[in-house]
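S.K.: The structure's right below; bear with me while I get my questions together.
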Amino acid sequence: MMEVRFLPPAAKFLKKLKDKTLKKLYQEAVDTICADYTVGDAKTGDLAGIYGYDIYYNKTNYELAYTVEYQNGEIIVVIMAGTRENFYEELKRYMKN
Numbered sequence: 000m001m002e003v004r005f006l007p008p009a010a011k012f013l014k015k016l017k018d019k020t021l022k023k024l025y026q027e028a029v030d031t032i033c034a035d036y037t038v039g040d041a042k043t044g045d046l047a048g049i050y051g052y053d054i055y056y057n058k059t060n061y062e063l064a065y066t067v068e069y070q071n072g073e074i075i076v077v078i079m080a081g082t083r084e085n086f087y088e089e090l091k092r093y094m095k096n
């Protein structure tokens with residue numbers, strides 16, 4: 000199984016999650032991504048090289064943004080997690096810094 004590293008925005012969001020079912024869905028998403036990282040949608044333009052994975056729960060769309068780094072094999076880097084609202088604007092802002 001691939002190594003997974005969480006960047007601060009994703010770690011902060013996941014740590015604050017209280018809903019156990021939603022936490023489980025995020026864990027399942029990470030496991031699915033580890034099995035086949037191409038399962039997410041490859042982004043283009045400003046976000047080239049980043050994949051987005053959709054999670055739909057309780058009538059709300061959630062997103063998981065990740066990339067794949069090649070250092071001693073493959074490492075999945077989870078960049079950001081959160082609700083779909085303003086997700087990609089925040090992701091672009093984070094990636095510029």
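Just so we're aligned, residue 0 is where the sequence shown starts under numbering that gives the first Met the number 0, counting upward by one.
Idealized CB from N, CA, C, for every residue including glycine.
Treat the numbers as computed from the prediction; the structure is a model and nothing was measured.
#1: How many Å lie between Tyr93 and Lys42 at the Cα?
#2: Helix, strand or coil for Met94? Go by DSSP, reduced to three states.
#3: Quick one: what's Ile75 bridged to in DSSP?
#4: For Ala34, count neighbouring C-beta atoms within 10 Å of its own C-beta (all shown protein chains included) and say buried if the count is 16 or more, exposed if not.
#5: Can you grab the Cα-Cα spacing for the pair Tyr65 / Asn57, in whole Å?
#6: May I have the straight-line CA-CA distance separating Thr59 from Tyr52, to the nearest angstrom?
M.R.: With the given structure in hand:
#1: Against the sequence shown, residue 93 aligns to sequence position 94. Against the sequence shown, residue 42 aligns to sequence position 43. The C-alpha of Tyr93 lies about 15 Å from the C-alpha of Lys42.
#2: Position 95 of the sequence shown holds residue 94. The answer is helix: DSSP assigns Met94 an H, G or I state.
#3: As a working mapping, residue 75 is identified with position 76 in the sequence shown. Answer is Val3, Val67.
#4: Taking the sequence shown and counting its residues from 1, one reaches residue 34 at position 35. With fewer than 16 other Cβ atoms within 10 Å, it is exposed.
#5: Residue numbering aside, residue 65 sits at position 66 when the sequence shown is read from its first letter. Residue numbering aside, residue 57 sits at position 58 when the sequence shown is read from its first letter. About 23 Å.
#6: Taking the first residue of the sequence shown as position 1, residue 59 is located at position 60. Taking the first residue of the sequence shown as position 1, residue 52 is located at position 53. A direct Cα-Cα distance of roughly 14 Å separates Thr59 from Tyr52.
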